[in-house]
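The structure under discussion appears below in the form of structure tokens.
Numbering (the numbering used here), first residue to last: -3 to 98.
Rendered as structure tokens:
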């Protein structure tokens, strides 16, 4: 997979005692997807077209959502726990014999 994402997921889930499933990697589904013409898979900037069409009736609220990652909520950390986060940063820098610029 691109950028070793499966290895990253595997290592991360093992570290925390979790198990992740990748149902779209079933070899029969992959072979089927590879056999489809491109216009069933992409239209303009919309990818996974056939999947979106199949899911549109079943779960319309999510069938057309854009792709999103699982990021850390940095704005929440900065506003809600700003002082705590700053103290943690400073202590880490001291531990590494570094300091914040003035």
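For every residue, glycine included, the Cβ atom is placed at its ideal position computed from N, Cα and C.
- For residue 31, the enclosing alpha helix (DSSP H) begins and ends at 23 to 31.
- When DSSP states are grouped into helix, strand and coil, residue 18 belongs to the coil group.
- Here residue 4 carries a helix assignment [DSSP, helix/strand/coil].
- When 30, 55, 62, 25 are compared, the shortest CA-CA separation from residue 41 is found for 62.
- DSSP places residue 84 in the uninterrupted alpha helix (DSSP H) bounded by 78 to 91.
- Cβ-Cβ separation between residue 38 and residue 47: approximately 11 Å, too far for a contact (criterion under 8 Å).
- Excluding the 5 residues flanking it on each side, residue 52 has same chain C-beta neighbours closer than 8 Å at 59, 60, in chain order.
- Counting only the Cα atoms, residue 27 lies some 19 Å from residue 2.
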